[in-house]
Amino acid sequence: ASFQPNLNTETSIVFRVPDTAFGGQQNIIFTNSEGRTLSVPFKVIALPTIATISPIDFEQGTTVTITGNNLDDVSKVVIEGTTTEAAIVSKERKKLVITMPSTTVDRAKLRITNSSGERLSDIELTNMGRALKLFTEGFGPGVQDWSWSNEHVVSTDYAYMGTQSLRAMFGAGTYGAISLRYDNNLPFSSYTYLTFWAKGGTADMQMSIWPDMASGAPTRTVTIPANVWTYFKIPLSYIGAATSQRLNMQGMNPATNQTIYFDNILFVK
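Here my numbering is used: the sequence shown runs in plain steps of one and ends on residue 269.
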């Protein structure tokens with residue numbers, strides 16, 4: 001345990017418990033400059049910490065990997081707001097693998113318990129079984145590809161989850177778009193978020209998202225970073241009462257050709 005000697009007094013010492021300490025009842029051993037030691041009982045509280053969760057979109061049976069710390073003695077992982085437990089597949093100090101259960105929640109965090117207590121993840125997961133799937137492993141039920149980008153095909157080159165994504169090439173100096181048409185009017189007001197993953201091209205690209213309307217379509221613009229998978233979670237409230245059968249995701253005049261991969265395009269409650 002590290003400490004700052006300048007803060008020592010005749011009766012006290014201030015030190016920081018390292019994050020490598022295991023939880024539970026232990027002893028602190030103090031050693032002075034003469035080699036004399038003193039052992040003091042001490043309980044370490046080592047709550048689970050969560051750095052990443054992947055994937056954050058799940059269905060029943062999805063294998064999810066959690067990274068962080070103090071995960072080797074996790075005894076329970078529960079979906080927030082329920083008593084439904086995920087099955088623990090394997091656990092290590094800094095990695096926990098679970099299998100997601102069946103649940104009726106739309107979105108939820110994970111409550112993770114170990115010998116020191118429990119912690120709620122900051123990361124929220126999305127239940128794809130309760131979402132409207134515009135594109136996951138191919139186009140969702142009732143969804144048609146009406147895109148006008150230079151290229152728009154279902155691809156196995158890359159995927160955030162599963163084996164397929166939607167590959168689109170946005171030509172330099174053009175305004176091509178991924179356009180997803182739904183058999184009925186898209187239920188913008190019945191859902192809270194549009195979520196999707198996008199793997200960027202060779203340069204950052206601006207993309208506008210809007211319902212296909214004759215005029216006055218509400219628009220939200222995002223930036224897709226180059227070369228990495230990025231998660232987007234866009235409140236659908238910006239669309240308001242607008243109705244449309246189509247959702248357009250339009251490249252905004254990229255300087256060079258950009259090939260973007262899209263995965264798990266969802267409407268989420």
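Note that beta-carbon positions come from the ideal geometry of N, C-alpha and C, so glycine has one too.
(request) At 3 residues or longer, and completely inside the region 74 to 131: list those beta strand (DSSP E) runs for me, N to C. (result) 76 to 79, 87 to 91, 95 to 99, 110 to 114, 117 to 120, 125 to 127
(request) Provide the residue span of the beta strand (DSSP E) that contains W146, from first to last. (result) First-last for W146: undefined, no H or E at that position.
(request) Please state if the CB of G176 and the CB of W148 are separated by a distance shorter than 8 Å. (result) yes
(request) Can you grab the Cα-Cα spacing for the pair T82 / V154, in whole Å? (result) 36 Å
(request) Would you tell me roughly how many angstroms separate the C-alpha atoms of A241 and A203, rounded to the nearest one? (result) 34 Å
(message) Please report the straight-line C-alpha distance between N264 and W229, rounded to a whole angstrom.
(response) 12 Å
(message) Quick check: M205 and T221, are their CB atoms within less than 8 Å of each other?
(response) no
(request) Note the first and the last residue of the continuous beta strand (DSSP E) segment covering L166. (result) 165 to 170
(request) List the whole-angstrom C-beta distance separating L266 from L180, where the pair is believed to meet the contact cut-off of C-beta under 8 Å. (result) Between L180 and L266 the Cβ distance is about 11 Å, and since that is not below 8 Å, they are no contact.
(request) Have a look at Y160 and A226 and give me their C-alpha separation to the nearest angstrom. (result) 15 Å
(request) Enumerate in chain order the residues of its own chain whose CB-to-CB distance from S116 is below 6 Å, with the five nearest sequence positions on each side excluded. (result) G23, I45, A46, L47
(message) Among the candidates N8, E10, E92, Q164, whose CA atom is the shortest distance from the CA of N114?
(response) E92
(request) Kindly indicate which residue of I260, Q250, P218 has the alpha-carbon position closest to the one of S244. (result) P218
(message) Using the Cβ count rule (16 or more neighbours within 10 Å means buried), how would you classify V78?
(response) buried
(request) Measure the beta-carbon distance from G200 to I224 and round it to whole angstroms, keeping in mind my assumption that it falls under 8 Å. (result) 5 Å
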